[in-house]
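In my numbering, the protein residues as written are 4 to 441. Glycine is no exception: its CB is placed at the ideal position from the N, C-alpha and C atoms.
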Ligand SMILES: NC(=O)c1ccc[n+]([C@@H]2O[C@H](COP(=O)([O-])OP(=O)(O)OC[C@H]3O[C@@H](n4cnc5c(N)ncnc54)[C@H](OP(=O)(O)O)[C@@H]3O)[C@@H](O)[C@H]2O)c1
C-alpha cells in the first residue's frame with residue numbers, strides 16, 4: 004500500500020496555470036505549491052510566489068537548503084550575501100547556495116511572480132504551513148504578521164534551519180536607513196493583496212453575498228482583469244454587475260490618469276452595462292486641503308462620480324492605521340516628523356464595515372464622514388509606536404512651511420465630530436486580525 008502511494012505521488016503530473024496542490028498566504032505573498040517534496044521523494048520542492056509591489060521577505064539565511072528563484076513576471080531586486088542588490092526581470096534566475104544571506108523585493112508597480120525551487124525539499128513547505136494562512140480566497144491577503152508575531156516567526160524559522168538575523172549581525176552593504184526599512188518590512192501587516200481597503204471589503208461582502216467579483220490588474224485566480232490606467236477590461240469587469248464598490252487608487256503614480264480619468268472610464272462602462280449603484284471611497288477633508296495633489300485628484304474623482312448620471316454614494320474616511328504605520332516605517336534612523344500634524348487614524352476593517360453597509364443600502368449621495376476614535380499628532384503616534392515596538396530612534400519634530408502643512412496642522416484631515424471607529428492606534432496591531440461582519 005505504501006509503495007503504491009509513493010508511486011502515485013511520484014508519477015508524472017500536469018499542473019495547469021494558476022493551480023497547485025495548495026496555496027497559502029505567507030507575509031502577504033501568495034505561495035502555491037507546484038511540486039511537493041512528497042512527489043520528489045524529498046529531493047526538491049517547487050513553489051510559485053505572487054508578490055505584491057514592495058513585498059518580499061526580510062533578509063535571511065537558509066542553512067539546510069539551496070534555493071533558486073526564476074522570475075516569471077514583474078521586476079524584482081535580489082540582495083546577495085555581499086550586500087549587492089541585483090535587479091531581475093522575467094527570465095532571470097537567482098541562485099542562493101545554503102548558508103548565504105539573501106532577500107528579494109518586488110520593485111515593480113504590479114504583482115510579480117516567481118518560481119522558487121529548494122533542495123532538499125520539505126523544509127519550506129513545513130515552515131510555510133506553520134506561519135502561513137490557507138488561501139481559501141486567493142484574491143485577498145489576510146492581515147498576517149503584526150508586531151507581536153516577529154519573535155515567534157524567528158523561532159519557528161529556526162526550527163527549519165532558517166535564520167533571520169538581527170539587524171546588527173548583517174553584512175548587507177546597505178546604509179542604515181535601507182537596513183532599517185528592510186528589517187521592518189516584516190512588521191508591516193500584510194495587507195497589500197488587492198488593496199488595503201479592497202481586501203477587507205471583499206472579506207466582509209463575501210460573508211453577506213456570494214456573487215462578488217473583484218477587478219484587479221494582477222491576473223490572479225478569483226479576479227477579473229481590468230486596468231483603469233489604460234481603460235481596458237472595464238466593460239468585461241462590470242458586465243452584469245449591479246453595485247460597484249470603487250476602492251482603486253494610484254496615489255503615487257499617474258494619479259490623474261488612474262483616479263480621475265480611470266474613474267470616468269469605469270463609470271462610462273458602468274452606464275453602458277446598467278449598473279444601479281456606485282459606492283466610492285474618498286478622504287476626509289479633500290476639499291479643505293486641495294493644495295495636496297493627491298487630495299485634489301480625489302476631489303476631482305468625487306465629482307466624476309457625482310456627475311456620472313449613475314446612482315451614487317460617497318464615503319470619506321480619515322487615514323487608515325496601516326497607512327500611518329507605513330509612513331512611520333519609511334522614516335530614517337533619525338525620524339523627522341512634521342510638527343503638529345493632526346491625524347485621526349481609523350481601522351481599515353471598520354471603514355470596510357461601513358462601506359459594505361452602504362453598498363447594501365440605497366444610493367445616498369455624500370454620507371457623513373468616518374474617522375477614528377482619537378485625534379492625535381503624527382509625532383504622538385510615532386512615539387507610541389516606537390514604545391510598543393521597543394525602538395529607540397530619535398524623533399525630531401520639524402515645522403513644515405506651506406499651505407498643505409498648515410491644513411494638516413489645522414486638522415483638515417480630521418473629523419472629531421465623527422468618531423466612527425472604535426479601535427485605537429495602540430489596539431490596532433492586535434485587533435486588525437479580527438474580521439467581523441457589521
Ligand atoms: N489608505 C488610507 O489611509 C485611506 C484613507 C481614506 C481613504 N482611502 C481611499 O481608499 C481607497 C483604497 O485605499 P488603499 O489604501 O486600500 O489603497 P491600496 O492598498 O494602495 O490599493 C489600491 C488598489 O487600487 C487598485 N489599482 C491601482 N491602480 C489601478 C489601476 N490602474 N487599475 C485598476 N486598479 C488599480 C489596486 O488593485 P491591483 O493592484 O490588484 O490591480 C489596489 O486594489 C483609495 O481610494 C484611497 O484614496 C485611503
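Start-to-end residues for the beta strand (DSSP E) that takes in residue 82: 79-82
Beta strand (DSSP E) runs contained entirely in the region 345-432, provided each spans 3 or more residues: 397-401
Residue nearest to residue 256 in terms of C-alpha spacing, selected from 231, 239 and 247: Cα-wise, what sits closest to residue 256 is 231.
Any non-hydrogen atom of ligand 1 closer than 8 Å to residue 286 Cβ: Checking every heavy atom of ligand 1 against the Cβ of residue 286, one is found closer than 8 Å.
Where residue 365 falls, given that 16 or more other Cβ within 10 Å makes a residue buried: exposed
Distance cut-off 8 Å: residue 362 Cβ against heavy atoms of ligand 1: no
Per-residue burial, residue 443 [other beta carbons within 10 Å of its own, 16 or more giving buried]: This structure cannot settle anything about residue 443, because the visible part of the chain is limited to 4 through 441.
DSSP-derived helix/strand/coil call for residue 235: The three-state secondary structure of residue 235, taken from DSSP, is strand.
Residue 260 versus 313, 314 and 300, residue with shortest Cα-Cα distance: 300
C-alpha distance - residue 423 paired with residue 337, whole-angstrom precision: Rounded to the nearest angstrom, the gap between the Cα atoms of residue 423 and residue 337 is 34 Å.
Residue 312 beta carbon near ligand 1 (any heavy atom closer than 8 Å): no
Neighbourhood of residue 354 by C-beta, 8 Å cutoff - its chain only, sequence neighbours within 5 removed: 200, 203, 284, 318, 320, 323, 373 and 424
Close Cβ partners of residue 235 (< 6 Å) along its chain, the five nearest in sequence each way excluded: none
Option in 132, 67, 339 and 361 with minimal Cα separation from residue 385: Nearest option by C-alpha distance: 339.
Sufficient close CB pairs (3 or more, under 8 Å) joining the region 378-398 to the region 258-272: no
Same chain, Cβ closer than 6 Å to residue 276, neighbours up to 5 away in sequence not counted: 241 and 242
Nearest to residue 106 (by Cα), restricted to the options 36, 61 and 407: 61
Pairwise C-alpha distance: residue 78 and residue 56: 9 Å
Cβ shell of residue 145 (< 7 Å), same chain only, five flanking positions each side left out: Only weak support is given to the placement of residue 145: the predicted model assigns it a pLDDT of 43, under 50, and the value that follows is read from those uncertain coordinates. Here the set comprises 28 and 136.
Proximity winner among 412, 330 and 358, relative to residue 343 (alpha-carbon distances): 412
Residue 220: CB within 8 Å of a non-hydrogen atom of ligand 1: Residue 220: yes, Cβ under 8 Å from ligand 1.
Any non-hydrogen atom of ligand 1 closer than 8 Å to residue 226 Cβ: yes
Opening and closing residue of the alpha helix (DSSP H) in which residue 306 lies: 296-309 is the extent of the alpha helix (DSSP H) around residue 306.
Where residue 395 falls, given that 16 or more other Cβ within 10 Å makes a residue buried: exposed
heavy atom of ligand 1 below 8 Å from residue 250 C-beta: yes
Length-filtered (3 minimum) beta strand (DSSP E) runs lying within the region 236-285: 246-249
Residue 110, DSSP secondary structure in three states: coil
Beta-carbon spacing of residue 39, residue 128 below 9 Å: Yes. Within cutoff.
Beta-carbon gap between residue 41 and residue 102 smaller than 9 Å: no
Through-space distance from residue 50 to residue 93, alpha-carbon basis: 16 Å
Nearest residue (CA-CA) to residue 360, options 48, 280, 163 and 222: 280
Close beta carbons around residue 96, own chain, < 8 Å, minus the five adjacent residues each side: Cβ within range, chain order: 71, 72, 73 and 74.
Rounded distance between the beta-carbons of residue 427 and residue 368, thought under 8 Å: Actually they are not in contact, since the Cβ atoms of residue 368 and residue 427 sit about 31 Å apart, beyond 8 Å.
Same chain, Cβ closer than 7 Å to residue 112, neighbours up to 5 away in sequence not counted: 56 and 256
Rounded C-alpha distance that separates residue 160 from residue 131: 9 Å
Buried versus exposed call for residue 121 [16 or more other C-beta atoms within 10 Å across all chains shown]: buried
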